[in-house]
Amino acid sequence: MNEESTSEAIIVCGVPGSGKTTFAQDLARELHWTILDLDTLTNPLFEHMGGEFLVDVPTAQPAVRASVNDIRYTCLFDTTRENLTLGNSVVVVAPFTSERTFPAAWARLVERLAIPAPRVHLAWMDTPPKEVVRRMQLRGAARDLEKVKEPGSFLTPEVTRPPGVGHIRIDGLFTPREQIDQFLKDFAVREPAR
Numbered sequence: 049m050n051e052e053s054t055s056e057a058i059i060v061c062g063v064p065g066s067g068k069t070t071f072a073q074d075l076a077r078e079l080h081w082t083i084l085d086l087d088t089l090t091n092p093l094f095e096h097m098g099g100e101f102l103v104d105v106p107t108a109q110p111a112v113r114a115s116v117n118d119i120r121y122t123c124l125f126d127t128t129r130e131n132l133t134l135g136n137s138v139v140v141v142a143p144f145t146s147e148r149t150f151p152a153a154w155a156r157l158v159e160r161l162a163i164p165a166p167r168v169h170l171a172w173m174d175t176p177p178k179e180v181v182r183r184m185q186l187r188g189a190a191r192d193l194e195k196v197k198e199p200g201s202f203l204t205p206e207v208t209r210p211p212g213v214g215h216i217r218i219d220g221l222f223t224p225r226e227q228i229d230q231f232l233k234d235f236a237v238r239e240p241a242r
């Protein structure tokens, strides 16, 4: 089989508690694409190492020394690239704070996936900070305890602002069905992938 793969990647990003994982799961189900979730792929090892409270801080430059978070993302990128190489289109979900904030970091993500840039799409879950805190309180996860106590320490303007690269905005206050319908409508009018 020598035909070129036309697999695509939808990168779903947003702050913790924004609803991105639920959206990504629903989208993968709707499209019949593979879902790759940073937490699912890496949390068991990450939590074993004591890193469950790490806050993702955006940076424009690649890290000089790999942090645990860098290693988690490497696992996610490598698994994504492997699926794309096999011809599987994927929905990938993680905060992607640096990648959505800085064009250079986004370009590195696209390069790591090893498919043409027009086949990598960014979907940003835009949920108001007060709603994010409310959702974190409802889910009651240990990893959220410190964030709920001091929401301003992780819901900073640089983390909650819209992406600095092209993206499709998802309204975090819509119902799951409304989110999928709106995304698919917006996704359909994008430039065709090559």
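Here the working numbering is used: the first residue of the sequence shown is 49, the next is one more, and so on.
Glycine included, every Cβ here is placed at the ideal spot set by N, Cα and C.
Count the other CB atoms, across all protein chains shown, that sit within 10 Å of the CB of Val-237; report buried if there are 16 or more and exposed otherwise.
exposed
So, at 6 Å on beta carbons, what are the nonlocal neighbours of Arg-129 in its own chain, with the 5 sequence-adjacent residues on each side left out?
Leu-161, Ala-162
Could you tell me the alpha carbon to alpha carbon distance between Val-158 and Arg-183, rounded to whole angstroms?
31 Å
Contiguous alpha helix (DSSP H) assignments of at least 4 residues, all confined to the region 123-183:
145-149, 151-161
In whole angstroms, give me the CA-to-CA distance for Lys-178 and Ala-155.
31 Å
Going residue by residue through the region 53-79, where are the continuous beta strand (DSSP E) segments of at least 3 residues, counting only ones entirely within it?
57-61
How big is the Cα-Cα spacing for Pro-64 and Leu-134?
30 Å
List the DSSP bridge partners of Ile-216.
Ala-171
Does any CB atom of chain D fall closer than 8 Å to the CB of Lys-68?
Here chain D cannot be found, since the structure has a single protein chain.
Three-way DSSP call (helix, strand, coil) for Leu-84 in this model
strand
Using the C-alpha atoms, what's the distance from Leu-232 back to Arg-167?
15 Å
Excluding sequence positions up to five away, which residues of its chain have a Cβ less than 6 Å from the Cβ of His-169?
Ile-58
May I ask you to report which of helix, strand or coil DSSP gives Leu-186?
helix
On the DSSP letters alone, give me the boundaries of the alpha helix (DSSP H) that Phe-235 sits inside.
224-236
What residues in its chain sit with their C-beta under 7 Å from that of Thr-69, if we drop five residues either side in the sequence?
Asp-85, Val-141
Am I right that Val-139 and Ala-76 are in contact with their C-beta atoms under 8 Å? What's the rounded C-beta distance?
4 Å
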